[in-house]
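Right, dumping it as structure tokens:
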């Protein structure tokens, strides 16, 4: 293959990668979320959201949060985000807020969450001494979902051999593009 052909193939691959990045950034901007798409990683929200569902997030939640809304949040002691339902909402009149958060004056919602399939609320998930979530923990509220589309992510996350096979397949695909 000539140098011109190699450059042409490289440009095609670079264009595919750039197109994917532009699409991701556009969805991020439209949804106003750092990570506008996530995958439900456990069965704690059964039967509403099952393991492997692809969920779409929006951060437009501050003024409209209600008990029953499904939040995606990240807490300090966990690597993966959590998808759970708002179980209780505390306002600035609640004694626990001032006692535990020591924030003084505020107008933010503080929430306690719970998985639909769990028997107890999420206080055991939170770091020691924390009894609810504040807005800094929120990644977004669920706008919609597609059942089962996240299974690819789950398989790649749970099984190392699947990750290696996927990367090898991509490598062979790109190598084939360069050879032809």
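In the numbering used here, the protein residues as written are 52 to 231.
For glycine and all other residues, C-beta sits at the position ideal for the given N, C-alpha and C.
Remember, predicted model here, so these are calculated numbers, not experimental data.
Under the three-state reduction of DSSP, residue 110 is assigned to coil, being neither helix nor strand. Between residue 137 and residue 162, the gap from beta carbon to beta carbon is short of 8 Å.
From the listed residues 127, 212 and 80, the smallest Cα separation to residue 108 is found for 80. Using a 10 angstroms sphere on the CB of residue 87, the tally of other CB atoms reaches 16 or more, which defines it as buried. Rounded to the nearest angstrom, the gap between the Cα atoms of residue 182 and residue 124 is 14 Å. When the Cα atoms are used, residue 60 and residue 218 turn out to be separated by approximately 19 Å. With a beta-carbon spacing of about 21 Å, residue 140 and residue 106 fall beyond the 8 Å limit used to define contacts. Sixteen is the threshold: when 16 or more other Cβ atoms of the shown chains lie within 10 Å of the Cβ of residue 164, as they do, the residue is buried. Around the Cβ of residue 192, a 10 Å sphere holds 16 or more other Cβ atoms; the residue is buried.
Within 10 angstroms of the beta-carbon of residue 132 lie 16 or more other beta-carbons, which makes it buried.
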